[in-house]
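Participant:
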Amino acid sequence: KQHLFLNDVSGSCEWISSWFFMLMFACQKTFKDSRMFEFDNKTIETTEFLKEKYMVNAFAEIRLLRMRNMMVRGTSNMFTAFESFMKQADISNKSYIILLSDCRDWAGPKVNGIPASVELISQMSSMAKKVVILNPEDKKKWDVVDSCVSLYRGAGAQVYEVSTLNQLAEFVADM
């Protein structure tokens, strides 16, 4: 099994990004074969930085990497981010893709009014064993304005509301 984590660091997830970072740091230590990525309108791999012994060092290194890649308070373009991720990630039928995101494709292109990123979620769902999205937003905000939750579900992703430790525990128990 390979676990591929993709963490949304765009402006709309800024309020939860530190918690997501801690989750990814813990997962890197827990899952033997895992790779970590961050995205806004592009994707960077953070796996090696998360292998640091101390979380504060990993955070500092990744913060510098984000700055070098101009990924500070960026806008979401899920299409270009997912396209980049798919080129980097070596997705197979043994891969579990865990996306930490509010699913807000603010700047992504649309095809007939539908975000083009939906097709990439569909492709990932076909290629991987499972695509799971941990969405920090309250369910009442899903599918409002630029939220693509139902579209991503329809493309094969499983979506869970996760912004508290209790919700995270419920997700882990369900898995």
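Residues are numbered in my numbering as their position in the sequence shown, beginning at 1, plus a constant of 935.
The beta-carbon is built from N, C-alpha and C at its ideal position, and this holds for glycine as well.
CB Phe-1106 to CB Val-1097, shorter than 7 angstroms?
Facilitator: Yes, the pair counts as a contact, with Cβ atoms nearer than the cut-off.
Participant: Which residues mark the beginning and the end of the alpha helix (DSSP H) in which Val-1053 is found?
Facilitator: 1052-1062
Participant: Of all the CB atoms in chain D, is at least one closer than 7 angstroms to the CB of Glu-983?
Facilitator: No chain D appears in the structure shown, which is made up of a single protein chain.
Participant: Which residue wins for smallest C-alpha separation from Phe-960, given the options Glu-983, Lys-977, Lys-1022, Thr-1099?
Facilitator: Glu-983
Participant: CB-CB under 8 angstroms to Glu-980, same chain, minus the five flanking residues each way: which ones, in chain order?
Facilitator: Arg-970, Met-971, Phe-972, Gln-1023
Participant: Is it right to say Tyr-1087 is buried, meaning 16 or more other beta carbons lie within 10 angstroms of its own, or is it exposed?
Facilitator: buried
Participant: Which residues bound the alpha helix (DSSP H) around Met-1021?
Facilitator: 1013-1024
Participant: How do the stretch 946-958 and the stretch 1047-1055 stand: do at least 3 beta-carbon pairs fall below 8 angstroms, yes or no?
Facilitator: Below 8 angstroms, too few C-beta pairs join the stretch 946-958 and the stretch 1047-1055 to call them touching: fewer than three.
Participant: With a threshold of 6 angstroms on Cβ separation, who are the neighbours of Met-1013 within its own chain once the five nearest residues in sequence on each side are excluded?
Facilitator: Asp-1040, Gly-1043, Ser-1052
Participant: Mark Val-1084 as exposed unless 16 or more other C-beta atoms lie within 10 angstroms of its C-beta, in which case mark it buried.
Facilitator: buried
Participant: With DSSP run on the structure shown, which of helix, strand or coil describes Thr-978?
Facilitator: strand
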